[in-house]
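Each residue of the sequence shown is one higher than the one before, starting from 1 at the first, in full-length UniProt numbering. Using N, Cα and C, we set each Cβ at its ideal position, and we do this for glycine too.
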Amino acid sequence: MNNPKDPKETLIHRDLSWLSFNERVLKEAFDTSNPLFERVKFLSIVANNLDEFFMVRVSGLKRLIAAGYNHKDAFGYYPTELFSEIQYRINIQIQELYNGYKENINNALKKNNIFILKPEQLNSEQTKAIKKYFEETLFPIVTPMAVDSGHPFPALHSKTIAFALQLSRNNEFYSALCLIPKSVPRLFKLPSDKQESCFIFIEEILRFHLKSFFRGYQIIDSFLFRLLRDSEISIEEEYAPDLLKAMEIEIGKRPKAKVISLQVEKSKHSRLLEFLYTNLDFPKDDIIFIDDSLDLSSLSELTFKAIRPELMFSSYTPAKTEYQNIFDKIKEGDFLLHVPYQSFSPTVDLIQTAAKDNDVLAIKMTLYRTNEDSAIIKALVEAAKNKKQVTVVVELKARFDEERNIEWTKSLELAGCHVIYGISGIKIHSKIALIVRQEEGRIVRYAHMATGNYNEKTARIYTDIGYFTRIDDFAMDISDIFNVITGYSQPARWKKIVASPNDMRKYFFDLIDKEIQFQKKSNNGFVFAKMNSLEDPEIINKLYEASNSGVKIKLIVRGICCLIPGVEGMSENIEIKSIVGRFLEHSRVFIFNHNGSPRTFLSSADWMRRNFDSRIELLFEVTRQDLNEHLRFILDECWKDTAKTRILTSSREYIHCLPNEKMFNAQENFIKYYAK
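Following this line, the structure appears as structure tokens:
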């Protein structure tokens, strides 16, 4: 392969690829084969995704530009060049989002007798209802804020929605703000006929009653705005003796972080707009004007306020794994758990049973993201109270979950758990649990490893694979990994597990190199992999090398994909598909043909630079033949999908499967398969 000097010829920029992924989610919102409320959820996800993209990626880019950084990144883009391209694409995506909401989603809601109304559309009963709600609920909790020499412009939190107002009295002009409260639901359900469900956004209720806050003043102009702030947390961990306290301090700084997105209702008056962007120190040219309700992510409230089960995916019950005792089940042999099609309960049960079991001496596990009211957290607390040695490695820096992680970290410490915050400068992203148990006078260790988090909520909507074992080599490796994380032990060369940031990229290189050798020798080189993201330029170049050697490569990459497939002389032997459907594809599975004796791996890691270089991730081989065959079955079924699959072409575009192909929905098929 002739390597061009410009990476733009061989790589898709990771941020532009992410925007393509969000576009695929948006297409699901407008796909009429999806139930209406599921389309509303997809729309909400797109809006929320864009928020996070601004707060993480755009903010980082703006920091580089502000610092005068003017070097190309790994994908061949200068910061200003990339910012212009991102801004252009985001504006198009926001326009598509709102046009689709008005022309597609809102019309479909109306056809199903679900209405989101404005004050002028209300009947007398509904008008009385919003007046009552305003007087009894909104008026007591909303605080209008004057902005003048004695009242400085307040530090507004990220995602705040507020009215900016210009007032007058006795020929004097005044400025004020009125914040939309976050402590109440955004949508208020109105009284209506039984056949209808009617709602109104609370900001419309406030708009209707704004005069009540400014008696004696005339409202000259008002409009809604919404802001997003930089979410970056900057901590020099080496010099932070108390990481928990340092994290709390940094989170406290977020309301004063740089504003990186400002969305404004279209307004005719430039004076009030100037007041706003000047006080927020935000570039006028970067303002996004919205001709509709701000923040469509709140639309998801409809799905549980209007009780319409026929407008959602058909319910199903995850398949149960039959056993009497979880330890006895693992003794019978290693087994896999494929959520959400199979119930997550054995994972929870492992920790709950260990907490109560008199023979269990210790529990060790990593926690990256978990849910509120987590049964696993409660079980760990109970285990500590039952005098078991409980060690929990917590990743405080899991983005947007920092505050939650801090809270349950305190609960664990209070109960007597040993809580470790990991290794300075490296995120703990691996998902492992180890139970140490005394059986018949000897120590036995039970291990659990997974591609996804210990989170009961996401286990219902993310596809992931968990692995249960008591094989000594696995248990020894995991025990040693905990020693590396919690103490001063140097990483060893483990028997069953490969870890980053030390060995994983090289290990994958070696596996791909072997496929190149087998291709040259036996013409059977083959790589089949499934992951969330493919972004690492080194891995991509290695895959290009394999493709040029004739190795066939099939990749299922849900989100970011920086590799360009199907290019003659570079990647003609590589095919890439992305599945965006009912469940979020989250599992990481890697299969290498190995001259007809396939080697199959599970991992917590995607093929991204951060996973290889700045996170503790685990890769492990599944060696049991029946489990290998089942993992290959999972990938084959995903590859067969035509209903929710888009194919990445050599022109860097994602296309749907051909219309004459028979529709096959892998996710729905898995539900049926495991229900047998």
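The residue among Ser59, Lys118, Leu61, Phe30 with its C-alpha nearest the C-alpha of Val46 is Phe30.
Taking all protein chains shown into account, His13 has 16 or more neighbouring C-beta atoms within 10 Å of its C-beta and is therefore buried.
For Asp641, no pairing in a beta bridge is given by DSSP. Secondary structure note for Gly466: its beta strand (DSSP E) is the uninterrupted segment 462 to 469.
For Thr317, the three-state secondary structure derived from DSSP is coil.
Taking all protein chains shown into account, Asn371 has 16 or more neighbouring C-beta atoms within 10 Å of its C-beta and is therefore buried. Selection Gly569, Thr600, Cys638, Asn628 evaluated against Ile579 yields Cys638 as nearest (Cα-Cα).
Counting of Cβ neighbours within 10 angstroms places Gly487 among the exposed residues, the total staying below 16. Distance from the CA of Asp291 to the CA of Lys132, rounded to the nearest whole angstrom, comes to 28 Å.
Annotation for Leu618: the continuous beta strand (DSSP E) segment containing it runs 615 to 622.
Excluding residues up to 5 positions away in sequence, Pro346, Asp349, Leu350, Thr353 lie with their Cβ nearer than 7 Å to the Cβ of Ile326 in the same chain.
Annotation for Asp221: the continuous beta strand (DSSP E) segment containing it runs 218 to 229. A distance below 6 Å between beta-carbons, with the five flanking residues on each side excluded, links Ser533 to the following residues of its chain, in chain order: Gly559, Ile560, Asp606, Met608. Look at the beta carbons and you see the segment 257 to 266 touching the segment 220 to 232: at least three pairs across the two are nearer than 8 Å.
Secondary structure of Phe327 (DSSP, three-state): helix.
A distance below 8 Å between beta-carbons, with the five flanking residues on each side excluded, links Tyr316 to the following residues of its chain, in chain order: Ile671, Ala675. Comparing alpha-carbon positions, the option among Gln166, Val147, Thr469, Ser297 lying closest to Asn48 turns out to be Ser297.
Around the beta carbon of Gln195, fewer than 16 other beta carbons lie within 10 angstroms, which makes this residue exposed. Short of 7 Å from the beta carbon of Ile287, and not among the five residues preceding or following it, lie these beta carbons of its own chain, in chain order: Leu262, Val264, Tyr277. The straight-line gap separating the alpha-carbon atoms of Lys496 and Asp477 is approximately 7 Å.
Distance between Asp230 and Pro35, taken at the CA atoms: about 35 Å. In this structure, DSSP gives His13 a state outside helix and strand, which the three-state scheme calls coil. Bridge partners of Trp607 according to DSSP: Leu534. In the three-state scheme derived from DSSP, where H, G and I count as helix and E and B as strand, His418 is classed as strand. For Tyr174, the enclosing beta strand (DSSP E) starts and ends at 172 to 179. Taking a contact as a CB-CB distance under 8 Å, the pair Ile553 and Val527 counts as one, their CB atoms being some 5 Å apart. Taking Ile161 as reference, the option from Ser192, Ser183, Pro283, Leu167 with the minimal CA-CA separation is Ser183.
Between Pro154 and Leu187, the CB-CB gap reaches or exceeds 8 Å. For Glu125, the enclosing alpha helix (DSSP H) stretches over residues 124 to 133. In chain order, Ile351, Ala355, Ile363, Met365, Val390, Val392, Leu412, Ala415, Cys417 place their CB closer than 8 Å to the CB of Leu380, counting only its own chain and leaving out the 5 sequence neighbours on each side. According to the DSSP assignment, Leu434 belongs to the beta strand (DSSP E) that extends over 431 to 439. For Leu302, the closest of Thr649, Glu621, Arg24, Leu43 by C-alpha to C-alpha distance is Leu43. Per the Cβ contact rule, the segment 77 to 90 is not in contact with the segment 165 to 176 (fewer than 3 Cβ pairs under 8 Å).
Taking 8 Å as the cut-off, the Cβ atoms of Phe583 and Thr463 count as close. Per DSSP, reduced to three states, the secondary structure at Ile560 is coil, with no helix or strand assignment. With contacts defined by Cβ atoms closer than 8 Å, Leu434 and Ala459 do not form a contacting pair.
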